[in-house]
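Data first, discussion second: the structure below is written as structure tokens.
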Amino acid sequence: MKMRAFANRNAKEILRDPLNLFFGLGFPLVLILLLSAIQANIPVALFEIQHLTPGITVFGLSFMTLFSATVIAKDRGSSLLQRLYTTPLTPTDFILGYTLPIIPIAIAQCVICYIAAIILGLKITVGILYAIVFIIPVSFLYIALGLLCGSVLTDKQVGGICGALLTNLSAWLSGVWFDLELVGGAFKKIAYAFPFVHAVNMERAVLAGDFADVFPHIWWVLGYSAAAFALAVILFLRQMKKQ
Amino acid sequence: MNAIRIEGLTKRYRDVVAVDELSLCIEEGELFSLLGVNGAGKTTTIKMLSCLTRPTGGDAFLNGKSICKDAAAVKSMIAVSPQETAVAPGLSVRENLELICGVHGFTKEKKNAKIAELTELLGLKSVIKKKAGKLSGGWQRRLSIAMALISEPKILFLDEPTLGLDVLARSDLWDMIRSLKGKATIVLTTHYMEEAEALSDRIAIMKDGRLLICDTTDGIKDVAGTDNFEQAFIRIVKGAAI
């Protein structure tokens, strides 16, 4: 009940910002339409709708990092958190209150991308439903990164780090925009040391119904999610203590 | 009966002593002001009393509960209106009040009754549907204080409640604070002399984290040997008196 009141407030703060709606829900949609149009004129296997859509749904989650980091950083800067720290809300309430409202937004973003993809010719299969379910652990990873950044950065820094750096890092190292096999070498090794390409490969496998190919990618995603979440909790509690 | 008993409360940040061995008592229902120039230790004292900052020495008891050993019990009886406006900007005035009702676990009936009562008390009816972020500084302060009052606190901390407000908004807020007298023990920090003089039952003057004097305005003026409270403050802070 107490946590729900706080979570509702966070959801309202995020959803009432038109920029959030554009980047969170509109931008991934624009990318699907644009890249599908390119694909129609210059066919590239990477941009075929069944390859492109899982990648876009993962890339779109980088905006969830921006949302969660921004709302926390703004709260820290405005003394609202200080007020709430003097209420009966527990540290668990705060962490869940910042995390849970973003999951439905992430799922909604994923669903909208798949609806657009179906309109553009993606075959309707049960794999789409599984892909939407498997996006949940990936969204935890991105939300945890937001919790982590929001706990240590100011809202201006969040704009730079999460809005520019992380979205680019997540894009370059995910294999969504170009084939990592073509680049190869150290770049490929570095990309595979991060979770982004694993999240994309996992989603592609799930959508295709190749569940054997979900492994080992899912371990990378779950491992990084757990580590990012643990670190985020530590940093959030540390800043809470500092207040 | 003492609502607050402070015993040797100390806060050190590395080499800096923000609050140094502060000891005083505040009576139940009293409107008590902490007065001092910037860096006197007023806000740090409030932060320790409201369990936001852990003291490095000493302790304080709010209605008998220790801020060091029983923070949960202390939090359940206090409310804080921080120095900077602490409202959720994207929510309407009503939604801000609902948020605080929610985090205190109020039932729907209690929530509606409390919001109606505070809307009336603080004159928020005309802005109840407006987004908090779009309100003027004075209205945001009113909302901030309403949010602090929602939980029916026994002890209310108002940290620089009129900082940055124009003369009219300040006067309105003074009337509002006066109307709260007797409903709760109020601890107010300010560096406006006239504010402390107009509102307080007793005033503690702090400098460099230390308590210089704690008395009524008349008592402080007597000690300083002047009829002017601002002069009395200056003399005491500069060390010309006591």
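For the record, the sequence lines run as chains A and B. Counting in our numbering, the first sequence runs from 229 upward without gaps. Counting in our numbering, the second sequence runs from 1099 upward without gaps. Glycine included, C-beta positions come from ideal geometry on N, C-alpha and C. Since this is a predicted model, take the numbers as computed values, not measurements.
- Within chain B, L1197, G1200 and V1201 have C-beta atoms less than 9 Å from the C-beta of F234 of chain A, given in sequence order.
- Annotation: Cβ neighbours of R244 of chain A in chain B (cutoff 7 Å, chain order): G1188.
- Cα atoms of E1328 of chain B and D1118 of chain B: separation of roughly 24 Å, rounded to the nearest angstrom.
- Excluding the 5 residues flanking it on each side, T1141 of chain B has same chain C-beta neighbours closer than 7 Å at Q1181, D1257 and T1287, in chain order.
- Nearest to L1263 of chain B by C-alpha distance, out of B:I1284, B:L1278, B:E1293 and B:T1283, is B:E1293.
- Among the CB atoms of chain A, none fall inside 9 Å of the CB of Q1329 of chain B.
- For I1301 of chain B and Q467 of chain A, the gap between their C-alpha atoms comes out near 33 Å.
- Among the residues of chain B, those whose CB is under 9 Å from the CB of E241 of chain A are A1186, P1187, G1188 and L1189, following chain order.
- Distance from the CA atom of D1306 of chain B to the CA atom of S367 of chain A, rounded to whole angstroms, is 49 Å.
- When rounded, the separation of the alpha-carbon atoms in Q337 of chain A and G288 of chain A is 7 Å.
- Here the alpha carbons of V461 of chain A and L280 of chain A stand approximately 33 Å from one another.
- At a beta-carbon threshold of 8 Å, the residues of chain A lying near V1178 of chain B are Q310, R311 and T314, ordered along the chain.
- Contact with chain B is absent for D383 of chain A, since none of that chain's Cβ atoms lies less than 9 Å from the residue's Cβ.
- In the DSSP assignment, K240 of chain A falls within the alpha helix (DSSP H) that extends over K230 to L243.
- Across the stretch 278-309 of chain A, CB contacts with chain B closer than 7 Å involve S306, S307 and L308, in sequence order along the chain.
- The beta carbon of A1322 of chain B lies closer than 6 Å to those of A1330, R1333, I1334 and A1339 in the same chain, with the five residues before and after it left out.
- The Cβ of K416 of chain A sits no closer than 9 Å to any Cβ of chain B.
- Judged by their CB atoms, F255 of chain A and F291 of chain A are nearer to each other than the 9 Å cut-off.
- At a cut-off of 9 Å between beta carbons, L317 of chain A contacts chain B.
- The three-state reading of DSSP puts S453 of chain A in helix, counting H, G and I together.
- Spanning the alpha carbons of I1243 of chain B and N1194 of chain B requires a straight line of approximately 11 Å.
- Beta-carbon to beta-carbon, A297 of chain A and C390 of chain A are separated by about 5 Å, close enough to satisfy the 8 Å threshold.
- Here the alpha carbon of C1166 of chain B sits roughly 22 Å from the alpha carbon of S1249 of chain B.
- The residues M1175, I1176, A1177 and A1282, in chain order, have a CB closer than 8 Å to that of P1251 of chain B in the same chain once the five nearest residues on each side in sequence are set aside.
- Taking the C-beta atoms as reference points, G1231 of chain B is found no nearer than 9 Å to A1267 of chain B.
- Under the criterion of beta carbons closer than 8 Å, I277 of chain A and L350 of chain A qualify as touching, at roughly 5 Å.
- Taking a C-beta distance under 9 Å as the contact criterion, A427 of chain A and H445 of chain A qualify as a contact pair.
- S1242, M1245, A1246 and S1249: these are the residues of the stretch 1230-1252 of chain B whose beta carbon lies less than 9 Å from some beta carbon of chain A, given in chain order.
- For R1239 of chain B, the uninterrupted alpha helix (DSSP H) run begins and ends at G1235 to L1247, by DSSP.
- Using a Cβ-Cβ distance cut-off of 8 Å, the stretch 330-349 of chain A and the stretch 248-263 of chain A are in contact, since at least three pairs of beta carbons, one from each stretch, lie closer than that value.
- Neighbours of E1182 of chain B in chain A, taken as residues whose beta carbon is under 8 Å from its own, are S306 and S307 in chain order.
- Residues of chain B with a Cβ closer than 7 Å to the Cβ of R466 of chain A do not exist, since the nearest Cβ in that chain sits about 14 Å away.
- For G305 of chain A, the enclosing alpha helix (DSSP H) starts and ends at S290 to S306.
- Not flagged as an interface residue toward chain A: E1292 of chain B, since no C-beta distance is shorter than 9 Å.
- For K1140 of chain B, no Cβ of chain A is located within less than 9 Å of the residue's own Cβ.
- In the three-state reduction of the DSSP assignment, M468 of chain A falls in the helix class, which pools H, G and I.
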